[in-house]
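Structure first, commentary second.
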Amino acid sequence: MRHVDVIVVGGGPAGAAAAERLKTAGADVLVLDKERFPRHKLCAGWITPQVMADLRLEESAYPHGLLSFRRLHFHVKGLRLGVPCVQHSIRRFEFDAWLLDRSGAECVQHAVRDIRAESGYYEIDGIFRCRHLIGAGGTSCPVRRSLFGGALSRTRALQTVTLELEFACDWRDADCHLWFFEHGLPGYSWYVPKASGWLNVGVGGMAMRLKQRSENIRLHWSHLAGKLQHQFGINVPDDPAGYSYYVRDFGEPMRIDNAFLAGDSAGLATRDLCEGIGPAIRSGQQAAHAIVNGTEYTLDGVTGASLGGGLISRCVDWAFTHGAGRATHSEEGIVT
Ligand SMILES: Cc1cc2nc3c(=O)[nH]c(=O)nc-3n(C[C@H](O)[C@H](O)[C@H](O)COP(=O)(O)OP(=O)(O)OC[C@H]3O[C@@H](n4cnc5c(N)ncnc54)[C@H](O)[C@@H]3O)c2cc1C
1153 MRHVDVIVVG GGPAGAAAAE RLKTAGADVL VLDKERFPRH KLCAGWITPQ
1203 VMADLRLEES AYPHGLLSFR RLHFHVKGLR LGVPCVQHSI RRFEFDAWLL
1253 DRSGAECVQH AVRDIRAESG YYEIDGIFRC RHLIGAGGTS CPVRRSLFGG
1303 ALSRTRALQT VTLELEFACD WRDADCHLWF FEHGLPGYSW YVPKASGWLN
1353 VGVGGMAMRL KQRSENIRLH WSHLAGKLQH QFGINVPDDP AGYSYYVRDF
1403 GEPMRIDNAF LAGDSAGLAT RDLCEGIGPA IRSGQQAAHA IVNGTEYTLD
1453 GVTGASLGGG LISRCVDWAF THGAGRATHS EEGIVT
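Numbering (the working numbering) for the sequence shown: 1153 to 1488.
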């Protein structure tokens, strides 16, 4: 059996950020991921300046394509509001592999199945053993399932469902567009251009509210494809893929003994824009900090709102979730 101080399950942004901090502090850390990197990850790939700052990353230092857009266009019921901003887009295929590599941590390809807590240690599949364990395995994280199952029950009303596609496209509009509540969608659809002629488009909404409306997210995908054809002259291939994750429920700390949850495994995406990369990175870093310093693991400073946390955030949150779970909007966001 291989023994290390810390095992991180999942090498996405949460796991890579945790691994980097642990490695820098001199910890003996191993990342386990079921995929071989670079791996495909469904995501619009929109990252905020806060993400860049948390990663101490200058635009010019990123070795792959990074596009910066200067305006975010919000479309609501036929009204259009262009908000000046500086935001970025990356391709997750490249970004995640780069982050994991940059962490300096060893990553072993292994699909984690069985986790047992035994006399102060965690044993994984009878092969790996550690004192500290970080669950960063996304929505279906095995750490959450094995060790937190009884303690945390997910609030169904906070579950999102998405459909998206990233494809090569000779796009002309280099800004980001978001359409809210179109055709009654309890969520929004997006157009996110990327460097080197890539485009990501998709729709996301609250799963339970869609079900209550007896609607399928596919219907809203068709609406989006029609709009992009009509307004932008873009033919979207009808080949989207889906994924589901949870927005933030401000419940109990995501730690039991020396097991921690970070990123999507803890359901940390923001409640107004369902932004999850920033919260994943921050929570991964904070879990690492707690391990290295023997301190409490708190999610203070892990934002729960992307739109500033004020009235607009609250209204969008309410329109999406109808106030389900616990919420707070005291953090700063992307639009200031
Ligand atoms: C369609 C869509 C669009 C999105 N757009 C944005 C956006 O534009 N901006 C934004 O900020 N957020 C966005 N998000 C949310 C964002 O993608 C997630 O919040 C973010 O990826 C969470 O990172 P993570 O590290 O927690 O999990 P993940 O990135 O999901 O990484 C989890 C890792 O765990 C591994 N794993 C899972 N199970 C096991 C196992 N049993 N054993 C070993 N390894 C395992 C997986 O292979 C994976 O590599 C979007 C999400 C979707 C679905």
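Glycine included, every Cβ here is placed at the ideal spot set by N, Cα and C.
Boundaries of the beta strand (DSSP E) in which residue i is found, first to last residue
i: Met1360; result: That residue, Met1360, is in no beta strand (DSSP E); its alpha helix (DSSP H) goes Ala1359 to Gln1364.
i: Cys1467; result: Premise fails: Cys1467 lies in the alpha helix (DSSP H), Leu1463 to Thr1473, not in any beta strand (DSSP E).
i: Ala1411; result: Ala1411 to Leu1413
i: Ala1347; result: Note, Ala1347: premise wrong, no beta strand (DSSP E); not H, not E.
i: Val1158; result: Arg1154 to Val1161
Contact test: residue i Cβ vs ligand 1 heavy atom, cutoff 6 Å
i: Gly1287; result: no
i: Val1235; result: no
i: Pro1294; result: yes
i: Ile1159; result: no
i: Ile1433; result: no
i: Lys1186; result: yes
i: Ala1347; result: no
i: Ala1257; result: no
i: Trp1198; result: yes
i: Glu1211; result: no
i: Gly1162; result: yes
i: Val1353; result: no
i: Cys1195; result: yes
i: Ala1263; result: yes
i: Ala1166; result: yes
i: Gly1217; result: no
i: Gly1290; result: yes
i: Asp1416; result: yes
i: Tyr1395; result: yes
i: Glu1367; result: no
i: Thr1314; result: yes
i: Arg1427; result: In the sequence on display, residue 1427 carries Glu and not Arg. Checking the Cβ of Glu1427 against ligand 1 gives yes.
i: Ala1421; result: yes
Residues that residue i bridges to, as DSSP identifies them
i: Gly1178; result: Per DSSP, none; premise fails for Gly1178.
i: Gly1315; result: The sequence shown places Leu at residue 1315, not Gly. Its beta-bridge partners are Val1355 and Gly1394.
i: Ser1220; result: His1240
i: Trp1342; result: Leu1330 and Gly1354
i: Arg1281; result: His1155 and Glu1275
i: His1227; result: Arg1232 and Trp1331
i: Asp1185; result: Gln1261
i: Trp1323; result: Note: Trp1323 sits in no beta bridge, so no partner.
i: Val1399; result: Ala1421
i: Gly1287; result: Val1161 and Leu1413
i: Arg1407; result: Phe1412
Unbroken alpha helix (DSSP H) run spanning residue i, endpoints
i: Glu1246; result: Arg1244 to Ser1255
i: Ala1432; result: Ile1429 to Asn1445
i: Ala1377; result: Ile1369 to Phe1384
i: Ala1269; result: It is not in any alpha helix (DSSP H) - Ala1269 instead sits in the beta strand (DSSP E) that spans Ile1267 to Glu1270.
i: Asp1206; result: Pro1201 to Asp1206
Cβ-Cβ separation, residue j to residue i (assumed contact under 8 Å), whole Å
i: Ile1369; j: Val1355; result: 6 Å
i: Phe1319; j: Leu1351; result: 6 Å
i: Val1203; j: Leu1252; result: That belief does not hold up - the Cβ atoms of Val1203 and Leu1252 are roughly 16 Å apart, past 8 Å.
i: Gly1217; j: Ser1348; result: 5 Å
i: Leu1194; j: Ala1442; result: Contact doesn't hold; Cβ gap of about 29 Å is too wide.
i: Val1454; j: Ala1177; result: 20 Å between Cβ atoms; not a contact.
i: Gly1162; j: Asp1185; result: 6 Å
i: Leu1291; j: Asp1416; result: Here residue 1291 is Thr; the residue named in the question, Leu, does not match the sequence. The pair is a contact, with the Cβ atoms about 5 Å apart (cut-off 8 Å).
i: Ile1267; j: Phe1412; result: Actually they are not in contact, since the Cβ atoms of Ile1267 and Phe1412 sit about 13 Å apart, beyond 8 Å.
i: Arg1400; j: Gly1419; result: 7 Å
i: Gly1497; j: Ala1288; result: Nothing can be reported for residue 1497, as the shown portion of the chain is limited to 1153 through 1488.
i: Phe1221; j: Cys1321; result: Not quite, the Cβ-Cβ distance comes to about 15 Å (not below 8 Å), so this is no contact.
Distance cut-off 6 Å: residue i Cβ against heavy atoms of ligand 2
i: Ser1305; result: As presented, the structure is devoid of ligand 2, carrying ligand 1 as its sole ligands.
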